[in-house]
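Residue numbers (the numbering used here), protein chains in the order written: chain A, 348 to 718; chain B, 348 to 718; chain C, 348 to 718; chain D, 348 to 718. Every residue, glycine too, gets a C-beta built ideally from N, C-alpha and C. Since the structure is predicted, the reported quantities are computational estimates derived from the model, not experimental observations. Scroll down for the structure; my scribbles are underneath it.
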């Protein structure tokens, strides 16, 4: 089944394997007239690039994006935007011995049973490298949203059990450290934790948080196409994500109605909320407040430590994953989370344009019906 | 935008408002030949019916389902199954004063801005009553799955901060108590907690957990249509859900690779996993183990306690929600979670049939290609 | 597979069998604020009702539509509009002997092989009665289009080889005669032809033409979602349709470029076309001229004359279809064609709103980017 | 809106402009295990390549396809297959003067109004070159169908008013002449007709016919997703197509029931039809007979003859299209029609696998329910 598409109106199709010729994405449905160039996309891709710190893989991937269609004289034309990144580092030899063995925590086993065989080179399609297509597309979605005054921004909220402290929260700090943590103290502790894990041939997980500002009220559809439902799908579709929260998330479960309800008040003629336990979404629709999403990311499954597993032919075996692997993928997942949030927000924003007859009449220049 | 459909192959469309003439659902794409009658669906609907205990609304809704199409001589025909439940209790007068006021924690405000006005009677489309359509459809999905040896079952894992203790877990107990908690001690404590909340004119939230057994390996599509991604959307599309976890969920974030990876081993010629931190899903595909999903449910927003809010015309106001409202919706949400899980599982199972050429060749009776 | 849905944003789901309890449709995605009542829909349904003339079946079907949801205080709310028509005439006995025999020209055989069995009462889901749901939904689409100044209108262009003569074309005449032919002379001849066919226990086919006026320029998407592509699908999805043309259709195949190209000119500051061979669509997008679609309808397959066929169990057999059957379905198909055209136009109009960034910026009240 | 995708399970996304860097397609949902290499696709692309005869453009486009993903060790992996064709001949200068003028019969005007501006180089996205992506994808669909014993084949049925005579029909002849006409005499006459048109600076249209053999009975879904409905959409989505017929098409409209109904009979235990007026489709589902589709193609709009038109700024103007243009596109459209038919058939075949519970139970190795 076709499973590499995301979105209804603003849609991305990604393609490519870790060690194939190239990876890429096609964005279809991006409105015409948006100024766009390769550098806009490259800036996002650089944020997920490996080799940025001692906690990320040393693979020297250039990750240079090429726009092949859909942009003319510096602006999007409304037709599909095809983007390609050539894989320059295709050292298949490193992975040859993984052809037969199912790595614990990876999709080797499920891929083999689903498809009968698999491209075993570096994880093939199930590699984290697949997210490059998401990020390239997300860069366009984010740019589109910005042209409407909407901003999306993610950061590392926790690595292992080291969490950001709200009292020390700083966006500036977040840009400075390589873990994308908006809290210098927490970042320092997280680095220490990661060094320990590396020493132990082990790995860590963490939490990425994402915020969206400037969303008009009423984006998202009641019932199945709720904004939060689509954000949850978007997040959970990222390889290592095992949990998603909107607003207070699981804390809401142990809260009480009188605490959890956000009270409305008026400010300069506008409806506002005193608190934001809902995370900016009520009944599946944006309520005008900051949208808050959290994604739980499992520890990197590739560890150098010996693990027990089985082979394709049903033999039990010990395995120790060779080569350099990130002891944590959380920092590199930040831009992926941001991209998926942007893609979801862009699509649902466009879908929200058809909800009211009076606005549709205005759009087409027809006198608005009086009732 | 059309937002009341769920699923690609096995698809449900729900319709209806809390105080309209009726509510219902159309299930399209259910395979032909499944034995089905109204009693099969009624059994599910009865589990979400109000008025079952002192913690649920007294509204005397018969909730009698009528099958209008798609079933002939006791079996599904492969054509759309239309189901309708007449609303017998349409006392609009109870809600008349809510026409102008935005209830905190409800979708009144977002509905009004999205659509320009709203059916204010009992929450209209955003009422919990909307879930009756999901449950009617879920009953069919569950029955279909059972015909393939797949079972889906949900229960109350926590109410407020009272959680089920794994050591006392009992499915039998779960059937006995009205909170659907598989732990008698926890259920007793939860009842006490709910009585306190009612006395305080307040409410509670909780957690519903769902398990799926018997799913073949390889159901779910890599990248965007992962099984867990669609389960997350399904869960988050339920009105009060604010968080979703698969397997260890947020706990995985603070775990380490060596703990979180499930090791494979062989048992009677089958690949098995020693642990199940992944919750039965690897790389977005079922891995043969029990599938585990958790959904966090916020406290009922309708509370008798006075709250501050605003009106449609922008005036600040105090509001106290009159009438009987459930101090907790978690027990009634159990069957809704189960239904959404069943709908997702049924759809993705059918979608998984097209992944391998050799199996397609067998299906159509063509000699399988040799390579 | 779910195959009873049509449309992306403005979507209809139909359900129901000829002799089941009821038939109906759910329209999801209709913008909020459209004034709508049952009489608006009934007017369309009356146009396809049987028993209107001696050429249509005598079945005394009330076809009274009931709106069950989605309309509040006389206006659409933006939520699904569920409509139901009870089947009052369920005389199963007339069709009992057709349980075993495959009627030539009908879907009995294909239904049986696809689903393993079928609801044989009156054709079940493959009955022409299925179109009632399309018409109920089409009535809403047409009303929505009218609120934007767009009109859709169909008529009988030919019955058998008796075609309307353009020189005698009259919309007034079309309303007067029961064949919906806008040419009195042709209508008279067609009546004679039908009487002959009835006398011979035979049937006739014909052509329905449909026109759309007032469509803004640029509706329809290049490549696969062309306006004409979706109109063609809409038409061909009607049971008896075997051919579709846009503009000059098959005549264009034998024309030459210098004749077939429509020349542009200016009129009062507007771009106009001198001719309309294209039928109002260029490159898959509306070009501002009248949209013209033609659908070829095959002769009614149910004829009293004896035909050779086979049974479920593989025996050869003679069959003569008993009961009264229309010798032609073309007049009743007119409103079905109009409904499908309206549904397609409504959906593609809404989809066209997202093509330009400048218009999206205006819609959301954001200053338009200068380039 | 995203409009460059086709198919639900077996899906293609095309991208690229006539004079951009490259054009291409992504095929998602192709089952794993199909043997595939670039030569398989190249063979199809060569059939639509320009410069093959004196009636097709001289543009020396290599049209060399490159597979970038989804194929491993000579077989499809079940993941997206990305294909790219670099545009080697990007002489933008030839088209510079068309920036301002709307060519009659082309999509220049509608593109400009829909998107606010357009890539005017060689027609941009509305160029016939867009079909290269369809053909690359169609080659894969055709190969998949062949692995199941299903064949798709198209040919030129008419050029202008010169039609193939059934009595002289020869597939061998069709392969020999450059017009792909299976009738040597008609091909000779058509060549003469084309020479005349070229001499007159004019162009011709024609008809392409396509046949599908070996389709199992029951492919296609009743109501909206009929096999013929999707074939009609597929055909009409091709740039110059203005009409589509299934089986007898428009001739059925003037036929009578007793002639048009195909009688069933038994042959070696199989149900067969004596005639095939239905074109292999009954009630929207394949009936086991040869599937026949016809597409009417308009004359090439680019003619050297002077035509009247307007400019972007609203001035009237004369225009004569310079450069070499095909006096007819029908021969090059043959493989495009074949490709779209193959894509539709592949998708609907896969969708048909979920119609019966007993077959699903067999597929998953579960004992079939007895009723």
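Would the beta-carbon of residue 499 (chain C) fall within 8 Å of that of residue 559 (chain C)?
It is a contact, given that the beta carbons lie within the stated cut-off.
To the nearest angstrom, how far is it from the Cα of residue 696 (chain C) to the Cα of residue 669 (chain C)?
Cα to Cα, the separation comes out at about 45 Å.
At the level of alpha carbons, what is the spacing between residue 495 (chain B) and residue 375 (chain B)?
Those two C-alpha atoms are separated by around 19 Å.
Taking 8 Å as the CB-CB limit, is residue 703 (chain D) close to chain B?
Yes, its Cβ sits closer than 8 Å to a Cβ of chain B.
How is residue 685 (chain C) classed by DSSP in three states: helix, strand or coil?
Helix, per DSSP.
Chain B partners of residue 713 (chain D), CB-CB under 8 Å?
Under the 8 Å cutoff, chain B gives 494, 495, 496.
Going along the chain, which residues of its own chain have a beta-carbon closer than 8 Å to the beta-carbon of residue 623 (chain A), five neighbours each way excluded?
594, 609, 636, 637, 639.
For a cutoff of 8 Å on Cβ pairs, would you count residue 700 (chain B) as touching chain D?
Yes - at least one Cβ of chain D is within 8 Å of the one on residue 700 (chain B).
Just the Cα atoms here: how many angstroms apart are residue 429 (chain A) and residue 373 (chain A)?
Whole-angstrom Cα-Cα distance: 4 Å.
Tell me residue 430 (chain A)'s beta-bridge partners as DSSP assigns them.
Bridge partners of residue 430 (chain A): A:372, A:414.
Does the segment 569-584 of chain D come into contact with the segment 672-691 of chain D, if we say contact requires no fewer than three beta-carbon pairs (one atom in each stretch) closer than 8 Å?
They touch, by the three-pair rule.
Give me the DSSP bridge partner(s) of residue 316 (chain D).
An answer regarding residue 316 (chain D) cannot be provided, because it is not within the stretch 348 to 718 covered by chain D.
Can you list, in chain order, the residues of the segment 358-371 of chain D whose Cβ is nearer than 8 Å to any Cβ on chain A?
If the cut-off is 8 Å between Cβ atoms, the segment 358-371 of chain D has 358, 360, 361, 362, 363, 364, 367, 368, 369, 370, 371 near chain A.
Restricting to runs no shorter than 3 residues, where is the beta strand (DSSP E) found entirely within the segment 484-517 of chain D?
Runs of the beta strand (DSSP E) inside the segment 484-517 of chain D: 498-506.
Going straight from the alpha carbon of residue 601 (chain D) to that of residue 710 (chain C), what length do you get?
Computed Cα separation, rounded: 50 Å.
Below 8 Å, can you find three or more Cβ-Cβ pairs linking the segment 477-485 of chain A to the segment 355-365 of chain A?
Touching, per the Cβ criterion.
Output the distance between the C-alpha atoms of residue 536 (chain A) and residue 605 (chain A), rounded to the nearest integer angstrom.
The straight-line gap from Cα to Cα measures roughly 36 Å.
By the criterion of Cβ-Cβ separation under 8 Å, what are the contact partners of residue 617 (chain C) in chain A?
The premise fails here: residue 617 (chain C) is roughly 14 Å from chain A at the closest Cβ pair, so nothing lies under 8 Å.
Cutting at 8 Å between CB atoms, please list the residues of its own chain near residue 524 (chain C), excluding the five before and the five after it.
These residues qualify, in order along the chain: 531, 534.
So if DSSP puts residue 666 (chain C) in a beta bridge, which residue, or which two residues, is it bridged to?
Per DSSP, C:654.
Beta-carbon of residue 687 (chain C) versus every beta-carbon of chain B: anything under 8 Å?
Closer than 8 Å: no.
Residue 411 (chain A) to residue 643 (chain B), Cα distance in whole Å?
Rounded to the nearest angstrom, the two C-alpha atoms are 41 Å apart.
Can you name the residues of chain B whose CB is closer than 7 Å to the CB of residue 466 (chain C)?
Within 7 Å Cβ-Cβ: 419, 424.
Which value, in whole angstroms, describes the spacing of the CA atoms of residue 634 (chain A) and residue 663 (chain B)?
Computed Cα separation, rounded: 17 Å.
I want to verify the contact list: residues of chain C whose CB lies under 8 Å from the CB of residue 695 (chain B), in sequence order.
Ordered by position in chain C, no residue passes the 8 Å Cβ test against residue 695 (chain B), which lies about 14 Å from the chain.
What do you reckon, are the CB atoms on residue 388 (chain D) and residue 501 (chain D) nearer than 8 Å?
No, they are not a contact pair.
Taking only beta-carbon positions, decide if residue 415 (chain D) is within less than 8 Å of chain A.
With 8 Å as the cut-off, residue 415 (chain D) counts as an interface residue toward chain A.
How about residue 379 (chain C): is its C-beta nearer than 8 Å to some C-beta of chain B?
For residue 379 (chain C), the answer is yes, since a Cβ of chain B falls inside 8 Å of its Cβ.
Chain A partners of residue 373 (chain D), CB-CB under 7 Å?
In chain order: 360, 362, 373.
Only counting the same chain, and skipping five residues up and downstream in sequence, which positions put a Cβ closer than 7 Å to that of residue 544 (chain A)?
Excluding residues within five positions, the ones whose Cβ falls inside 7 Å are 550, 551, 674.
Do residue 471 (chain C) and residue 570 (chain D) count as a contact pair if the criterion is CB distance below 8 Å?
Contact: no.
From the DSSP output, in three-state form, read off residue 568 (chain C) for me.
Coil.
DSSP three-state call for residue 628 (chain C): helix, strand or coil?
Correct three-state label for residue 628 (chain C): strand.
What first and last residue would you give for the alpha helix (DSSP H) that runs through residue 389 (chain C)?
First-last of the alpha helix (DSSP H) with residue 389 (chain C): 385-395.
So with CB distances below 7 Å, who are the chain D contacts of residue 462 (chain A)?
Result: 379, 424, 425.
Thinking C-alpha only, which one of A:450, A:651, A:466 is nearest residue 380 (chain D)?
The shortest Cα separation from residue 380 (chain D) among A:450, A:651, A:466 belongs to A:466.
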